[in-house]
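Notes follow the structure.
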Amino acid sequence: MPNELAGVNLKHPQFTGFLTKRSAWLKDWRKRYFILKGNKLYFCKSVDADPHGVIDLSKCQTIKSADDVTHKKHSLEIVTTDSTYYMYADTEKEKDDWIGAIGRAIVHSSLRDSDSD
């Protein structure tokens, strides 16, 4: 199956870094490289790999800490109209940085959407 995300332009992202993400199917945890660009959060198996998944932040309903849900430190939860994603950072600061960056992307996206009305 060809990767539909191969070749997507990821130059000049707003934020990048590693998070450990819970697999949607197997429910195990895997370290992934995340790239925040516009209202999309891409994830890759490594820094130089093509993205193999994307979270559409224009569909995001909430983003918040989730240590109590995952029982893992520095966890966050992204709830979209399609799915719920769990991931955790290595430090509390990294988690807070990600929540801030994603929150800004959501606000920026909603401002763009309201401008087009």
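Using our numbering, the first residue of the sequence shown is number 1, and each one after it goes up by one. We treat Cβ as the ideally placed atom computed from N, Cα and C, and that holds for glycine. As the structure is a computational prediction, the values presented were derived from the model and not from experiment.
So for residue i, helix, strand or coil by DSSP?
i    : result
V107 : helix
G7   : coil
V54  : strand
W98  : helix
K72  : coil
M1   : Only weak support exists for where M1 lies, its pLDDT of 39 falling under 50; the value from the coordinates is given anyway. Note: M1 maps to coil in three-state DSSP.
So the candidates are the options; which of them puts its Cα closest to the Cα of residue i?
i    : options                : result
Q139 : Q14, L10 and V107      : In this structure the chain extends from 1 to 117, so residue 139 is not present and cannot be described.
D68  : G53, S109, F34 and Y88 : Y88
P13  : L26, N39 and D28       : N39
W29  : E94, R104 and Y86      : Y86
V34  : S109, D48 and A24      : The question names Val, but residue 34 in the sequence shown is Phe. Nearest option by C-alpha distance: D48.
R22  : T70, E94 and D96       : T70
A24  : T84, S110 and T91      : T84
K11  : D96, K72, H52 and L36  : L36
K73  : N9, D82, D96 and L111  : D96
H52  : V8, S110 and K64       : V8
Determine which residues share a DSSP beta bridge with residue i and list them.
i   : result
E77 : K64 and Y86
I35 : T16 and Y42
K21 : R30 and M87
Taking Cβ to Cβ, would you say residue i is nearer than 8 Å to residue j?
i   : j   : result
D50 : A6  : yes
E94 : G17 : yes
T20 : K27 : no
Open item on the list: Taking contact to mean 3 or more Cβ pairs, one atom from each stretch, closer than 8 Å, check whether the segment 77-88 and the segment 54-63 are in contact.
Closed with: yes
Task: Inter-stretch contact at 8 Å, needing at least 3 Cβ pairs: the segment 42-54 / the segment 92-110 - done: no
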